[in-house]
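So the structure is just underneath, and the comments pick up after that.
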Amino acid sequence: MIKAERNKSFEHFFYLYNRMLIKRSFHQVSLTKSSSLPTQKRGIYLINHSSWWDSLMLFYLNQKILKLDAIAMMAEDGMKRFPFFKKIGAFSVNPGSRRSLIESLSYAAEQLKNEKHLFLFPQGNETHLEKRPFNFFSGAGYLHDKAPSTPVIPVVFYHGLFHHQLPEWFIHIGEPITFPAQSSRKEKTYLFEKAAEHELEYLKKLVILDDPSKFRVLLRGKKGIGQHWEGFKGVFQRGKHT
Numbered sequence: 001m002i003k004a005e006r007n008k009s010f011e012h013f014f015y016l017y018n019r020m021l022i023k024r025s026f027h028q029v030s031l032t033k034s035s036s037l038p039t040q041k042r043g044i045y046l047i048n049h050s051s052w053w054d055s056l057m058l059f060y061l062n063q064k065i066l067k068l069d070a071i072a073m074m075a076e077d078g079m080k081r082f083p084f085f086k087k088i089g090a091f092s093v094n095p096g097s098r099r100s101l102i103e104s105l106s107y108a109a110e111q112l113k114n115e116k117h118l119f120l121f122p123q124g125n126e127t128h129l130e131k132r133p134f135n136f137f138s139g140a141g142y143l144h145d146k147a148p149s150t151p152v153i154p155v156v157f158y159h160g161l162f163h164h165q166l167p168e169w170f171i172h173i174g175e176p177i178t179f180p181a182q183s184s185r186k187e188k189t190y191l192f193e194k195a196a197e198h199e200l201e202y203l204k205k206l207v208i209l210d211d212p213s214k215f216r217v218l219l220r221g222k223k224g225i226g227q228h229w230e231g232f233k234g235v236f237q238r239g240k241h242t
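Here's what the structure looks like:
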């Protein structure tokens, strides 16, 4: 197992690089104004996984808004390809190996006891954004069994091409998930799935509503061809009247 080895200097450098990469690739990144920002000492955060960008957007969100002392579970093959991820708080898991899975979950449980926050992509692999129902691995339920006072918080991403040349990315952070105290791991996993589905549908409806007042813009990307053309037309028209 590859453990997280956070490096503050590298995180700062990577934040600047990651922000530049996002600005070049997206029109803007927005967070719902109704998002529930965490105040707890520790938490388990469940993030839907539909895109290559998810890990990078999660890192940006944490650096920009959440500012949590957090680690993130990441597939072992991905960490072997990109070993620098351990320097920004990632640790590995190999779901195909029971021994590796137990080792990674035990490591995560220990980090929760040390008041770390934990980011999980409980779907495991990338899954189409619109696919329902969600199908989560039971790791989050296992970890909550080990640390039952830890809040479990859904974080959902939605993205697409809309009014601009470049795509837009939307984020919503839900309230901690509530469930009966004696819930089994299977019951918890089901409730986690349904809560994440509910929050994603809520975010999707806000995106469809197309009301900018519902969102806070976190980052504006570079201008697309259309915006450059509108700017050029404005300069040209002003020139005609001088």
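For the sequence shown, position 184 matches number 184 in UniProt numbering, and the numbering has no gaps at all. For every residue, glycine included, the Cβ atom is placed at its ideal position computed from N, Cα and C.
Worksheet item: From A70 to K87, what distance separates their C-alpha atoms?
Response: Working through the sequence shown from its first residue, we reach residue 70 at position 70. Working through the sequence shown from its first residue, we reach residue 87 at position 87. Each residue's alpha carbon lies about 12 Å from the other.
Item to complete: Please look up how many angstroms separate the CB atoms of E199 and H172, rounded, as I've assumed it's under 8 Å.
Response: Taking the sequence shown and counting its residues from 1, the one referred to as residue 199 is at position 199. Taking the sequence shown and counting its residues from 1, the one referred to as residue 172 is at position 172. Yes, E199 and H172 are in contact; Cβ-Cβ is about 6 Å, under 8 Å.
Fill in: beta strand (DSSP E) segments (min. 3 residues) lying fully within the stretch 173-235
215-220
Item to complete: Tell me whether R42 is buried or exposed, calling it buried when 16 or more other Cβ atoms sit within 10 Å of its Cβ.
Response: By one-based count along the sequence shown, residue 42 stands at place 42. Classification for R42: buried.
Practice prompt. Give the DSSP bridge partners of Y45, in chain order.
Written response: In the sequence shown, the residue the question calls residue 45 occupies position 45. Bridge partners of Y45: F119 and I153.
Worksheet item: Any idea if Q40 is buried or exposed, counting beta-carbon neighbours within 10 angstroms, 16 or more meaning buried?
Response: For the purposes of this step, residue 40 is taken as residue 40 along the sequence shown, with counting starting at 1. Q40 is exposed by the Cβ-count criterion.
Worksheet item: Could you give the residue range of the alpha helix (DSSP H) that holds I22?
Response: By one-based count along the sequence shown, residue 22 stands at place 22. Start and end: K8 to S25.
Worksheet item: CA-CA distance, A181 and A140?
Response: Looking up residue 181 in the sequence shown gives position 181. Looking up residue 140 in the sequence shown gives position 140. Distance between the alpha carbons of A181 and A140 is about 15 Å.
Discussion item. DSSP three-state label for G160, please.
Written reply: Translated into positions along the sequence shown, residue 160 becomes position 160. Note: G160 maps to strand in three-state DSSP.
Discussion item. Within 10 Å of its beta-carbon, does S35 have 16 or more other beta-carbons around it, so buried, or fewer, so exposed?
Written reply: Within the sequence shown, numbered from 1, the residue matching residue 35 stands at position 35. Flag for S35 reads buried.
Worksheet item: Can the beta-carbon of H117 be found closer than 7 Å to that of L68?
Response: In the sequence shown, the residue the question calls residue 117 occupies position 117. In the sequence shown, the residue the question calls residue 68 occupies position 68. Yes, the pair counts as a contact, with Cβ atoms nearer than the cut-off.
Worksheet item: Roughly how many angstroms lie between the CA atoms of Y107 and H163, to the nearest whole one?
Response: Taking the sequence shown and counting its residues from 1, the one referred to as residue 107 is at position 107. Taking the sequence shown and counting its residues from 1, the one referred to as residue 163 is at position 163. Distance between the alpha carbons of Y107 and H163: 44 Å.
Worksheet item: For K214, which residues from the same chain have a beta carbon less than 8 Å from its beta carbon, with the 5 sequence-adjacent residues on both sides left out?
Response: Residue numbering aside, residue 214 sits at position 214 when the sequence shown is read from its first letter. These residues qualify, in order along the chain: T32, K33, S34 and L206.
Worksheet item: Whose C-beta lies closer than 7 Å to the C-beta of E5 among residues of the same chain, with five residues either side of it excluded?
Response: Here residue 5 refers to the residue found at position 5 when the sequence shown is read from its first residue. Closer than 7 Å at the Cβ level, and outside the excluded window around E5, lie K86 and K87.
Worksheet item: What's the C-alpha gap between P176 and I153?
Response: Position 176 of the sequence shown, counted from the first residue, corresponds to residue 176. Position 153 of the sequence shown, counted from the first residue, corresponds to residue 153. Cα to Cα, the separation comes out at about 5 Å.
Practice prompt. Kindly indicate which three-state DSSP category M73 falls into: helix, strand or coil?
Written response: Taking the first residue of the sequence shown as 1, we reach residue 73 at position 73. Reduced to three states, the DSSP call for M73 is strand.
Practice prompt. Grab me the residues of N94's own chain with a C-beta within less than 6 Å of its C-beta, minus the 5 sequence neighbours each way, in chain order.
Written response: Here residue 94 corresponds to residue number 94 of the sequence shown, with the count starting at 1. Only E76 and S100 meet the Cβ criterion.
Worksheet item: With burial defined as no fewer than 16 other Cβ atoms inside 10 Å of the residue's Cβ, what is the status of N62: buried or exposed?
Response: By 1-based counting over the sequence shown, the position of residue 62 is 62. Buried: at least 16 other Cβ atoms inside 10 Å.
Worksheet item: Would you call the CB atoms of L105 and A147 closer than 7 Å?
Response: In the sequence shown, the residue the question calls residue 105 occupies position 105. In the sequence shown, the residue the question calls residue 147 occupies position 147. No, the Cβ-Cβ distance between L105 and A147 is not below 7 Å.
Discussion item. Quick check on this structure: which residue in I102, F192, M57 and N114 has the alpha carbon closest to the alpha carbon of F170?
Written reply: On the sequence shown, residue 170 is found 170 positions in, with the first residue counted as 1. Out of I102, F192, M57 and N114, M57 has the C-alpha closest to the C-alpha of F170.
Worksheet item: Based on Cα-Cα distance, which residue from K188, K194 and L218 lies nearest to I65?
Response: By one-based count along the sequence shown, residue 65 stands at place 65. The shortest C-alpha separation from I65 is found at L218.
Item to complete: Reducing DSSP to helix, strand and coil, say where I171 ends up.
Response: What you label residue 171 is simply residue 171 of the sequence shown in a count that begins at 1. The answer is strand: DSSP assigns I171 an E or B state.
Worksheet item: Taking the Cβ atom as the reference point for each residue, do F137 and P151 lie within a distance shorter than 7 Å?
Response: Residue numbering aside, residue 137 sits at position 137 when the sequence shown is read from its first letter. Residue numbering aside, residue 151 sits at position 151 when the sequence shown is read from its first letter. For F137 and P151, no; Cβs fall outside 7 Å.
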